[in-house]
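Chains A and B supply the protein sequences, listed in that same order.
So for the first sequence, the numbering used here puts the first residue at 77; every next one is plus one.
So for the second sequence, the numbering used here puts the first residue at 697; every next one is plus one.
Encoded as structure tokens, the structure appears first; notes follow it.
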Amino acid sequence: MSLIPYLLAYAGIVVFVVAVIARIRMFARMPMHLRWELYPVPHEASRAAHGGSYLEEVDWWLKPREVSKAAELKAMGTEILFLEALHKHNRPMWRSSFPFHFGLYLVIAATALMGAGSVLAHLADGFAASGFGSLWHAAVVLTGAVGLAISIYGALGLLQRRLTSPDLKDFTTAADVFNLAFFVVAFGCAFLTFALFDRSFTLVSTFIHNLVTLRFEPVASGQAGLMVGVSVSLLAVLLAYIPLTHMSHFVGKYFAYHSVRWNDAPNLQGGPQEAGIMANLTQKVTWAAPHIQSGGEKNWVEVATMDYKKYGGGEKK
Amino acid sequence: MIKNPSIRDLARGEGPVTELNVKDQEPLPPPYDKLDEEPPMAALSSSAKERFVNLDNTIAVNIPKPKTKAEEERLVKGFLSGMQKLFNAGDNWTFLQPLVLSMEHCARCQTCSESCHIYAESGHNPLYRPNYRSEIFRRLYFKHIKKEGTWARGDMELNWEAVARLIELAYRCNLCRRCAQTCPIGVDNGMMAREIRKLASQELGIRPKELHDDGSMLQQKVGSSTGMSSIVVKDNMDFIDEEMTEKTGLTLKTPWDVEGADVLLMHNAGEILAWPENPGAFGILLEAAGVSWTLSSDLAAYDSINYGAFYDDVQLARTLILHIQAAKKLKVKKILIGECGHAHKAMTVIADRILTGDLNIPRESWLPFMVDIVRQGRIKFDKSRNDFPVTLHDPCNITRLMGISEPQREIMRAVVPEERFREMTPHGVNNYCCGGGSGFAIIGGHNFPDWRFRGPGRRKFRQILNAFQGEKMDKEHPKYVCAPCSNCKGQIRDMLKYYDAWEKAGINYGGLVELMVNAMPEAKPGFIDWEWH
């Protein structure tokens, strides 16, 4: 019985990693699309403040491009950490969404700290008892407890909005409700475990230590052991579930910003993009409207350079 | 008639799903602050209601109602076939990745709704939410193509009413992408509307006549969507040359087909017919600055429009190739795009991932080109000649979608007294669409123009009125709305007429080059003609 949470934890991690990689791969392997950026683009350096681009410069193709990766990273950082767009454009939702997401980050941080702490304790004798170890442990408790608490608060707020807001009700699916409820239950269970049995996060730290060192022993007996087991199992299933749903938007968001919204890289004569463009243009067009006149055989170059008489005559007026 | 239609209402019953109800609208600023004194919105005729699919008591696309069961099934089957092609890399490499990103990851949080001028000005009618049509499209796709359970993606019935109304609904969006700017995840409902338009055009052959038959097809056939052949356009430009020479006292002779010129200038040909002073002003400025320039009389090269950008990737590519081939033939150093927003975006940004090798001729907005001339002092200006209140409209295609917003302001600072310039709120990349974007400005059937003035255009009119608050609102105190884009200018012209804004508030409109020539001390004064409006 004590083996189940360990197996679920490993399975959850594996499914999460594989599903995220598959999603990244799916987006990364899609063909180069038409340019479709949206300003402001933060890496446009000094011009970004007014939403400008290098296209504001005469003969821009003859001049070196000024790109600020630091500005891009700053924009990414504030968006990821503080959900800046939501704060700016939908404050009522941000009041729930921000604690929910920031709580998640804190829980991830606590888990990472516990995992790293386990490795450090393994490598350095006396780490746990040292002053640095105590500080480390306090950080685990703080990030873990606060993370769980504010994430539950945020999820409940989002759930309430989903179920009661006239703006959202018609757009809410059963899965939207289930997903938030799942978070509330899984994180709620973990928080109860913390509050009732594991105020120092010792049990869960031990579980993670066992997970890292492949020791599949129960971390506690009785109700405490049961609660740790149930919490870990729920969190493991949640971890596996996230990338299989639209909640994997953390992957999509990267591509939506970097590959579409901020992708203003110019295609210069003889540049690296030409090969991708040629590959696209030689694909077959199978659109069936009369003016296309591809017959399912012609490629984009042939269709785009066709004489008007060939496709104009075939049009039904 | 339903005031707050749900998603599923799109597939239900006969007749309109809802309508833009003017009684739900917020009053405009003075002198238009009495809602019941605004001009009425024309009703859709009963014969149109009988013949065509009716979404919201106005019609843009003219989709005939199917007469038989077989026709209904053909529409649904064609829609599903087109939907599959949108997710096929060969057929839709152009937008596959942006489309899938917007399909997969929308959180349906409605953050986008308030950013949409149409939704806001409709009195918050859910039909006009940016995400309403996207969500229906998503539900249809995941249920009927991907065969996924409805518990995760939501349910949506598929019938001919839903298909036809969804296509019509794709023409209730200006494609301004202001909603995409606010999306925390990067979902782009403007792009989604365009994908639905593409599906309808490229698979079913359904789109507004003004964009296709009288638009891109006419341009590819005779050279311009205005119907002007190369002979006619040269005649018209000769006339403009004479007019401008007389009006300014500066000799203008537009150069045609000059091989090896530095710059091939491309105008929206609508300017030549509707606003001849615009191409005339361009000529005056380029001549004054000593630029080596030319126009081309080749097929489509004297008309920069590319309506494919609004509805059809194949048509977009065909027109683009005609533009580029003309530039290649003349061996010019670059193409310069005049005051046309969508031509800017189509020829610079979008074309950037279509053109390779010797077809990849540099394309540039006229704005940075002209700023450079202004900075070098190659043309002298006397700002005091533009001693009237001026506000600036930012065309979405040039600002939000290309990142060009400072050059026009730098020009403005050079030709308009600082204290006379009024920024709209918001402006630049956060601007609102004029309401004529994505082809609306030329779609004129039934009561659609009234709908675009009362719906999409109303936010811009509100901004214009707000910009001029504090001024005397009568025609003895003329005010100028500068709209450096042909489609925007057409929309603003028609909207000012609808609201009788010259008579009631002294508001007129025009381009930016007209303001520049009006400020040239070498030219006779009075280039801007207030009586012509």
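Even for Gly, the Cβ is constructed at its ideal location relative to N, Cα and C.
query	result
Buried or exposed by the 16-neighbour rule on C-beta atoms within 10 Å, applied to Asn-1002/B	buried
Chain-ordered neighbours of Asp-201/A on chain B, where CB pairs are closer than 8 Å	Neighbours of Asp-201/A on chain B: none; closest Cβ ~47 Å, over 8 Å.
Backbone CA spacing between Arg-708/B and His-820/B [nearest angstrom]	21 Å
For Ile-863/B, three-class secondary structure by DSSP	helix
Close beta carbons around His-1019/B, own chain, < 8 Å, minus the five adjacent residues each side	Met-962, Ala-996, Ala-997, Ser-1000, Asn-1002, Ile-1031, Met-1043
Validate contact between the segment 855-863 of chain B and the segment 747-758 of chain B using beta carbons, cut 8 Å, 3 pairs	yes
Extent of the continuous alpha helix (DSSP H) to which Cys-1184/B belongs	1182-1194
Identity of the residues DSSP links to Gly-1206/B by a beta bridge	Cys-1178/B
Within 7 Å of chain B by C-beta, residues of the segment 150-161 of chain A in sequence order	Leu-159, Ala-161
Touching by the beta-carbon criterion (3+ pairs, under 8 Å), the segment 891-909 of chain B and the segment 1101-1112 of chain B	no
CA-to-CA distance, Arg-1074/B to Glu-1218/B, given in whole angstroms	12 Å
Same chain only: Cβ atoms within 7 Å of Gln-1165/B, ignoring 5 sequence neighbours per side	Pro-725
Nearest-angstrom Cα separation, counted from Leu-234/A out to Trp-847/B	18 Å
Collapsed DSSP secondary structure at Pro-242/A in the structure displayed	helix
Assumed close pair Ile-1100/B, Ser-144/A - CB separation to whole angstroms, cut-off 8 Å	No, Ile-1100/B and Ser-144/A are not in contact; Cβ-Cβ is about 19 Å, not under 8 Å.
Interface flag, Val-361/A vs chain B, CB-CB below 8 Å	yes
Buried versus exposed call for Arg-1081/B [16 or more other C-beta atoms within 10 Å across all chains shown]	buried
The segment 1087-1101 of chain B in contact with the segment 128-142 of chain A per 3-pair CB rule at 8 Å	yes
Residue-chain proximity (Trp-952/B, chain E), Cβ-Cβ < 8 Å	Protein chains A and B are contained in the structure displayed, whereas chain E is not.
Neighbouring residues, chain B, relative to Leu-244/A (Cβ below 9 Å)	Arg-804, Cys-805, Gln-806
N- and C-terminal bounds of the alpha helix (DSSP H) containing Arg-835/B	826-836
Proximity winner among Ile-184/A, Glu-155/A, Val-96/A, Thr-154/A, relative to Ala-221/A (alpha-carbon distances)	Ile-184/A
DSSP state of Arg-1074/B mapped onto helix, strand, coil	coil
DSSP state of Ser-1061/B mapped onto helix, strand, coil	strand
Interface partners of Ala-250/A on chain B, CB under 7 Å	Trp-847
Under 7 Å from the C-beta of Thr-381/A: neighbouring residues of chain B	Ile-1017
Cutoff 8 Å: Ile-318/A Cβ touching any chain B Cβ	no
First and last residue of the uninterrupted beta strand (DSSP E) at Val-1086/B	1086-1088
Proximity test, Ala-351/A beta-carbon vs the ligand MN heavy atom, cut-off 7 Å	Of the ligands one can find in the structure shown there are none, so the ligand MN has no counterpart to examine.
Top-ranked residue by Cα proximity to Arg-868/B, from Asp-1190/B, Val-959/B, Ala-756/B	Ala-756/B
Pick from Leu-224/A, Phe-178/A, Trp-137/A, His-165/A that is closest to Leu-157/A, judged by C-alpha positions	Phe-178/A
Which listed residue (Arg-804/B, Leu-946/B, Pro-822/B, Gly-945/B) has its alpha carbon closest to that of Gly-882/B	Arg-804/B
Buried or exposed (CB count within 10 angstroms, at least 16 for buried), Met-77/A	Any reading at Met-77/A needs caution, since the residue's pLDDT is 49, under 50, leaving its predicted position unreliable; the model's value is listed next. Exposed, since its Cβ has fewer than 16 Cβ neighbours within 10 Å.
Other residues of its chain near Ser-926/B: CB distance less than 8 Å, five sequence neighbours each side excluded	Gly-919, Ser-993, Asp-994, Leu-995, Tyr-998
Chain A contact for Met-697/B (CB, 8 Å cutoff)	no
Inter-stretch contact (C-beta, 8 Å, three-pair minimum) for the segment 1087-1096 of chain B and the segment 1172-1189 of chain B	yes
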